[in-house]
Amino acid sequence: MASAKTSNIKLKDDGSNLPFAFRHYSPDQLKEALRKMYLIRRFEEGAEESYTRGLIHGTMHLSIGQEASAVGISMPLAEQDMITSTHRGHGHCIAKGADVSRMFAEFFGKETGYCKGRGGSMHIADVSKGNLGANGIVGGGIPIAVGAALSAKKQKNGKVVIAYFGDGANNEGAFHEALNMASVWKLPVVFVCENNGYGMSTSTARSTAVANVADRAVAYNMPGVIVDGNNLSDVAEASHNAVERARRGEGPTLIECKTYRHRGHSKSDRNRYRTKEEIEDWVSNRDPIHLFEDQLKEFGFLDDRQITDLRDSVEKEIADAIEFAKDSPSPDLSNLTRDVYTD
Ligand SMILES: Cc1ncc(C[n+]2csc(CCOP(=O)(O)OP(=O)(O)O)c2C)c(N)n1
Ligand SMILES: [Mg+2]
C-alpha cells in the first residue's frame, strides 16, 4: 500500500504526524473514501426526495451524519470479507460496494433491485460482495455475523466479518450471547456499535446501564474501543487494528463509534425528544464529510477543484441511478409472490 510519504503530494511536513488514515492509505484510497461518503449522503438525500414524490412506499431509516463509520470501518476490508447490517444500513451496503442503481431499484419496488423489489430499504443484501444483508430486527445481524465468522474459521479462508448494530441493540440478548460465543471460540468478527445516542426516541443514557457500550467488552474478554465515529481516520484505525487481530486468529473486538443521525429515526419521526440546538451542533460543527474534506485539504491531498469534480461525478451517478430505477420494470403480476415467504 502506498504511504503518504512516498506519494507525490505536497505535505505540510514529512507526514509522520498525520492521522492514521493519511499515513496508511494511498491518496487514491483516501479519495475513494471521500467519494463513498458523498455517494452515501447523496443516495439518502435522493431516496428522501423520491419518498416525498411518492416513488418509494413504506418507511426508511437514513444514516445521514453517520457516513464516516460505514466507510471507515470498511476501509481495511477485502472484497471477500463480510458484513451484516441493520435497519439503518444504506451506508454499510454502499461502503461494501453495492451498486446504487440496484439499491434505488429495490427501493422503488422494481425487478432490477437487489431483492427484485420485494424487500425494500431494510433488505439490501449482496452476497457476491460479502454483504449478508440489512436487517429489520434490531440486533438480528449480530448472531448471523458470528455464524459467518464460525464458518470462516472452520474453512480457514481468512475472511473477517463485521457486525454493525446500533446502541439500542446492545441491550438485546442476542448481543450478549453472540459476543460471549465469539470470544470463547476466538472468531474473526468485529462488533461495531454505531452509537448515535438514541434508539428511536429513547436516549442511550436512559436505556443503558454502562456509560459506554464498549465498556461491555470487558465482560466478554475482548478489547473495547471507543472512537469519534465522525472522524474517518479514527474509525479506520480502530477497524484496521480489530480486523488485523481477527485475521491473526486472536478473536473479536467491540468498537463503539460515537456518532449522530441528522434526520429523525424514520420517516414518521417528529424529533420531539431532541433539542434543535443539539441537532444544529452536530450538523454544523461535526459533519463527518466536512471534517474529512477539511483534513484532506489541510494535509494537501485534495484541493477545492478536485472536491467539486468528485461531488459532480457523484451527482451524475445518483441522477443516472434514479433514472435506471424509474425505467426498470415492476415485477410481473404473475410472479409477484415468488421469492417471498408467504403467498
Ligand atoms: C427486536 C426488535 N425490537 C424492536 C424493534 C423496533 N425498532 C426498530 S429500530 C429501533 C431502535 C433501534 O435503535 P438503535 O439500535 O440505536 O439503532 P438506530 O435506529 O439508532 O440506528 C427499534 C426499537 C425492532 N425492529 N426489532
Ligand atoms: Mg441508536
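Quick note, the working numbering runs 385 ahead of the 1-based positions in the sequence shown.
A virtual CB, placed ideally from N, CA and C, is assigned to each residue, including glycine.
As the structure is a computational prediction, the values presented were derived from the model and not from experiment.
- Relative to ligand 1, His477 has its C-beta separated by 7 Å or more from all heavy atoms.
- Cys642 places its beta carbon less than 8 Å from that of Gly614.
- With respect to the 8 Å criterion, Ser713 and Lys495 are classified as neighbours on the basis of their beta carbons.
- For Tyr645, the closest C-alpha among the options Asn616, Glu622, Arg503 is that of Asn616.
- With the rule of 3 Cβ pairs closer than 8 Å, the stretch 481-496 counts as touching the stretch 456-468.
- The straight-line gap separating the alpha-carbon atoms of Lys538 and His625 is approximately 19 Å.
- Look at Ala554: its beta carbon is less than 7 Å from one of the heavy atoms in ligand 1.
- Judged by their CB atoms, Arg487 and Asn555 are not nearer to each other than the 8 Å cut-off.
- Going by C-alpha positions, Val628 is about 15 Å away from Val612.
- DSSP places Asn615 in no alpha helix (DSSP H); its state is neither H nor E.
- Ranked by how close their Cα comes to the Cα of Leu517, the residues Ala418, Thr469, Tyr410 have Thr469 in first place.
- Remark: C-beta atoms of Tyr549 and Val577 approach each other more closely than 8 Å.
- Distances from the CB of Asn581 to the heavy atoms of ligand 2 include at least one below 7 Å.
- The C-beta of Lys544 has 16 or more other C-beta atoms within 10 Å across all chains shown, which makes the residue buried.
- Phe489 and Thr444 have their C-alpha atoms spaced approximately 14 Å apart.
- Ligand 1 never approaches Phe560 closely enough for any of its heavy atoms to be under 7 Å from the residue's Cβ.
- The beta carbon of Glu429 sits closer than 7 Å to those of Leu447, Ser448, Ile449, His475, all from its chain and outside the five residues before and after it, given in chain order.
- Contact check for Asn581 against Gln451 passes: the beta carbons are separated by less than 8 Å.
- The three-state reading of DSSP puts Ala567 in helix, counting H, G and I together.
- According to the DSSP assignment, Ile640 belongs to the beta strand (DSSP E) that extends over 638-643.
- Distances between the C-beta of Gly584 and the heavy atoms of ligand 2 include at least one below 7 Å.
- Distances from the CB of Gly551 to the heavy atoms of ligand 2 include at least one below 7 Å.
- Taking Leu718 as reference, the option from Ala455, Arg632, Ala534, Gly502 with the minimal CA-CA separation is Gly502.
- Contact annotation, Val575 with Ala631: C-beta distance approximately 6 Å; criterion of less than 8 Å satisfied.
- Annotated as proximal: Gly431 and Ile707, with beta-carbon spacing under 8 Å.
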